[in-house]
Amino acid sequence: MSKVHDKTIVLEKLQNSRFYEHGYGKCQAIRIEAMYIRVKRNKTTYFLQCDATEKILDIKQKLHDLIDQPVFDQRLILVATGEVLDDSKTLADQKVENDAVVALVLRKDDNEFEDVNIVKPDDFYPSRDADPSGNW
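Residue numbers (the UniProt record's numbering): 1 to 136.
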């Protein structure tokens, strides 16, 4: 059984490990730092909390819960390198770091994946409706 305390997961005693006393008896503490990635598609950005040991398939499952698209219809691409992320590898394996931008593309009806399309803030034009005086 694991207990969580201040971002440190305290595990039961493991054989052949060094231990220390910490209120729960002899146990080993392993620090796992949370990280965030920004998954972008069109005008939408999803901020996902994850850890470096998660596999890409796990990230796709988190996205499935948000966008209701099957994991096999999703492709994730690390924007910094253009690399398609492998479902069976971890974020750390593929050098995805905290605050990385990952593009999400979806499978189209013809079974091909759409092109990466991330709309940048400077792609927007101000609306005249935003200022009733007509000034931009």
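Backbone N, C-alpha and C fix where the C-beta goes; we use that ideal spot for every residue, glycine too.
From a predicted model like this one, the values you see are computed outputs, not experimental measurements.
Which first and last residues belong to the beta strand (DSSP E) in which residue i is found?
i	result
Q49	T44 to C50
V39	M35 to R41
I118	Element bounds for I118: n/a, residue is neither H nor E.
L78	Q74 to L78
Would you say residue i and residue j are within 8 Å of each other, going by their C-beta atoms?
i	j	result
K89	I56	yes
A103	R41	yes
I67	V116	no
E112	L106	no
T45	R38	yes
Report all residues from its chain with a CB closer than 8 Å to the CB of residue i; omit the five preceding and five following residues, and keep chain order.
i	result
K62	L48 and C50
E21	At E21 the pLDDT is 43, less than 50, meaning the model places this residue with poor confidence; the figure from the coordinates comes in the next sentence. Around E21: no qualifying Cβ.
M35	Q49, C50, D51, A52, L91, E97, N98 and D99
V119	N42 and K43
G23	Since pLDDT at G23 reaches only 49, below the 50 mark, its modelled position is unreliable, and no value is offered.
For the alpha helix (DSSP H) that contains residue i, what are its first and last residues?
i	result
L104	No alpha helix (DSSP H) contains L104, which is instead part of the beta strand (DSSP E) from A100 to L106.
Q61	I56 to I67
If we count the other Cβ atoms within 10 Å of its Cβ and call it buried at 16 or more, is residue i buried or exposed?
i	result
K60	buried
Rank the options by C-alpha distance to the C-alpha of residue i and give the top, closest one.
i	options	result
R75	D87, D93 and D65	D87
D110	D73, V84 and L66	D73
residue 138	L66, V101, D68 and I67	For residue 138 there is no data in the structure shown, the boundaries of the chain being 1 and 136.
P70	I118, K108, E54 and P121	K108
L85	D58, K120 and D65	D58
E54	D93, D65 and H64	D93
Counting only the same chain and skipping the five closest in sequence on each side, list residues whose C-beta sits under 7 Å from that of residue i.
i	result
H64	P70 and V71
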